[in-house]
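The opening residue of the sequence shown carries number 1063 in my numbering; numbering runs sequentially from there.
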Amino acid sequence: MKSCIHDLLRDLCLREAHKENFLCITKVYDVGIPPNIENTRRLGIHRSTKQYRYNPQVLNTLRSALSTRSLVCESEWISPWLVPCLKLLRVLNVHDVYSPEDIIQLVNSRYLHFVRKNWDVNERLTSSSLSQFWNLQTLIVVGYFQTILPPNIWEMTQLRHLKFEKLVLPEPPQQSGRAGSQDSYILENLQTLSTLENFRFTKEVHNRIPNIKKMKIAYRNDRGGLKLSSYCLKNLSNLGKLESLTLDINWRGEISVGDFGFPHSLKKLSLRGCRVPWEDMRNCGFIAET
């Protein structure tokens, strides 16, 4: 738990938010219809465990809220019925019991957070579909499946946070040096990147993400073969603004502390399965001094 609020203070905030038409919180089985819901800009829908309890009148009214720009919906049954009607959404946090094609149509999105259960996101996040989201700042996909992003993810300069359970990220193209060319984009706004799998931190990579602050990386070689040093983890020391780093390693073969490099900007370091001898941990002691 990172933060909490007293329930009385929460109720007060919600009442004032309703008065100012700043936020509308509803339940799909409520008897009454919230006033001015058609003009609400921010809509929150609580989870309902019983589909038959839904009030059809409330559902129809929700679909008419065309001014809504932010939707947080905990109900797995209402979101597929509602999302296609709200074409101007900029913030969307829902479960995935709906057609993924509806998500691709939300080209104005700044924030997308969805739980992936029943469909393959790799089939949807193609280069052509991703290129429509030039304004996207946050993409969060919850679900213990591997996601492979297309190369043009390196052209989305507005990105701030990329969070997946298992993320395969292609290496960026080599820069040609020509200003404005597609291979010269730098993701200056990117702050969070997780959880990368078997990613090589070449010099080109740390040039593309100079302001990254939080990162999680996992490395696996169940069949052996490559050495851990081939992933250029020494180059992590060049990420001068990195504050939090998690390394999760399940590796067959020798691991040396010399395979890693840590920037002096680090405030938090988590090592899992690294098999680094305790006597070598003194190399990480600078973190406590920052």
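Note that CB positions come from ideal geometry on N, CA and C, so glycine has one too.
6 Å Cβ shell around residue i - same chain, five flanking residues per side excluded
i                  : result
phenylalanine 1226 : Val1203 and Thr1209
asparagine 1155    : Val1134 and His1175
tyrosine 1293      : Arg1262
threonine 1308     : Lys1278 and Ser1332
isoleucine 1271    : Leu1249 and Leu1252
Simplified DSSP assignment, three categories, for residue i
i               : result
leucine 1295    : helix
alanine 1079    : helix
cysteine 1336   : coil
isoleucine 1317 : coil
threonine 1374  : With the chain represented from 1063 up to 1352, any question about residue 1374 goes unanswered, as that position is not in the structure.
lysine 1329     : coil
asparagine 1101 : helix
threonine 1123  : helix
leucine 1144    : helix
isoleucine 1271 : coil
arginine 1152   : coil
isoleucine 1166 : helix
glutamate 1250  : coil
arginine 1262   : coil
leucine 1192    : helix
asparagine 1300 : helix
isoleucine 1215 : helix
leucine 1074    : helix
leucine 1290    : helix
isoleucine 1067 : coil
8 Å contact criterion, which residue i and residue j should meet: CB distance rounded
i            : j               : result
leucine 1192 : isoleucine 1215 : 7 Å
serine 1171  : leucine 1151    : 6 Å
leucine 1255 : leucine 1224    : 5 Å
leucine 1105 : threonine 1130  : 5 Å
leucine 1231 : lysine 1275     : About 17 Å separates the two Cβ atoms, so there is no contact after all.
Per DSSP, cross-strand counterpart(s) of residue i
i               : result
isoleucine 1202 : His1175 and Lys1225
glycine 1106    : Ile1087 and Val1134
methionine 1277 : Leu1255 and Leu1307
asparagine 1283 : Trp1313
histidine 1157  : Val1177
isoleucine 1210 : Val1230
Neighbourhood of residue i by C-beta distance below 7 Å, restricted to the same chain and skipping five residues each side
i             : result
serine 1291   : Asp1321
glycine 1302  : Pro1325 and Ser1327
arginine 1265 : Rather than arginine, the amino acid found at residue 1265 in this sequence is lysine. Here the set comprises Asn1297.
Contacting residues, own chain, Cβ-Cβ under 8 Å from residue i (five flanking each side not counted)
i              : result
tyrosine 1281  : Glu1259, Asn1260, Leu1290, Tyr1293, Leu1309, Asp1310, Ile1311, Asn1312 and Trp1313
threonine 1111 : Because the pLDDT at threonine 1111 is just 45, under 50, the model does not fix this residue reliably, and the value given afterwards should be weighed accordingly. There are no such residues.
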